[in-house]
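Here the UniProt record's numbering is used: position 152 in the sequence shown is 152, and no number is missing along the way.
Just so you know, even glycine gets a beta-carbon here, dropped at the ideal spot from N, CA and C.
None of the values given here were measured: they were computed from a predicted structure.
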Amino acid sequence: METKGLWLSIIGCLAMAALGFGFAHWTGSDAIFLDGVFSLVNFAMSLVMLSVSRLIRRGADRRFPFGYASFEPAFNVLQSMVILGVMLMALSSAIAALYQGGRSLEAGIATVYAAVASLGCLAVHLVLRRIARATGSSLIEVDAFAWLMDAILSGVVLCAFAFVWQFGELLGGQLPYVDAWMVIGMVAVMLPVPVRILYRNLMEVLLASPSSKIQRQIRSAFAGAMQNIPGRRWSLSMTKTGRSLYLHARILVDDAYRGAPVEQADEWREILTNRMGEFVHEQEFDVVFTTDPDYL
């Protein structure tokens, strides 16, 4: 199901890029051209994302003994950096246009484009959001959010172009500058999104701890899982990489069990693994039993 969502995004990006470049050439609008560039970048990123999705589903091997989960946040870091680069280039072009007297604009044709683009982006977003909820894929979740942003921005552009089309004479000498200001406004609205995605996924690549909310949930669940396990104290380290959560538990056993056999430790570990199965798989959960308090 995730693969179907990625292919939908790929086809949608290619269609929107063709639509954007065609209408940008027809209308002379940099705002529409920027929209087309975004769609083209998303098309290229979606092709890479398809390969990343296949890698993530592969198990661990000799080259990547901990699996391929880290490829997901690494790809999201790359994608957000590419988007930031495109946005900064568009911003510099718009600022240059302001100093060069602006550009003429075919507002009527641009309005038609914005209407088609906003409806198309919204439709793709709704389908991808349903797939993301069904699969739990952060790749699809990020992609669905990107389509939502495209839909919102296309809607804003639609309103602006429709206003210029109907009431352009009210703007007088400012009319040639509308397109450049629209690009600047689009960049200003969109900028926090790739920055936030970049920061969140970079933290995952660097093996930082998950959010405080997730940590509280995990610690609460582990405290409940420790019932009937003879541990005086315990500590828990965790890191989230993509859709995988890694836990490392260290348990200080009671003095009465200092000489417990390995088979007993295996039994306790199996109990804890089953009780924590909602959050992690067996290969993502390490449990160490110790009699050394300094090890915690």
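- For Leu191, no beta strand (DSSP E) encloses it, and the DSSP letter there is neither H nor E.
- Within 10 angstroms of the beta-carbon of Gln174 lie fewer than 16 other beta-carbons, which makes it exposed.
- If you ignore the 5 residues before and after Ala107, its C-beta comes within less than 7 Å of the C-beta of Phe161, Val164, Trp165, Gly168, all in its own chain and listed in chain order.
- Of all alpha-carbon atoms in Arg133, Val189, Ile271, Ser9, the one lying nearest the alpha-carbon of Asn42 is that of Ser9.
- Scanning the segment 128 to 185 for uninterrupted alpha helix (DSSP H) segments of 4 residues or longer gives 138 to 167, listed from N- to C-terminal end.
- Between Ala123 and Ser154, the CB-CB gap reaches or exceeds 8 Å.
- By the CB criterion at 8 Å, Leu272 and Ile229 fall inside the cutoff.
- Exclusion of the five residues before and after Phe289 leaves Ile251, Val253, Ala265 as the residues of its chain whose Cβ lies within less than 6 Å of its Cβ.
- For the set Glu278, Arg258, Val178, Thr241, the Cα lying nearest the Cα of Phe222 is the one of Glu278.
- Sixteen is the threshold: since fewer than 16 other Cβ atoms of the shown chains lie within 10 Å of the Cβ of Phe66, the residue is exposed.
- In this structure Cys121 is buried. Its beta-carbon is surrounded by 16 or more other beta-carbon atoms within 10 angstroms.
- Here the alpha carbons of Pro261 and Met276 stand approximately 23 Å from one another.
- Ser209 and Lys240 have their C-alpha atoms some 6 Å from each other.
- If you draw a straight line from the Cα of Val112 to the Cα of Ile32, it is about 11 Å long.
- Less than 8 Å divides the Cβ of Ser39 from the Cβ of Ala17.
- Considering only Glu141, Met87, Asp286, the residue with the shortest C-alpha distance to Ser235 is Asp286.
- Ile197 places its beta carbon 8 Å or farther from that of Gly5.
- The closest CA to that of Met89, considering only Trp7, Asp35, Gly231, Ala144, is found on Asp35.
- In the DSSP assignment, Asp255 falls outside any alpha helix (DSSP H) and carries neither an H nor an E.
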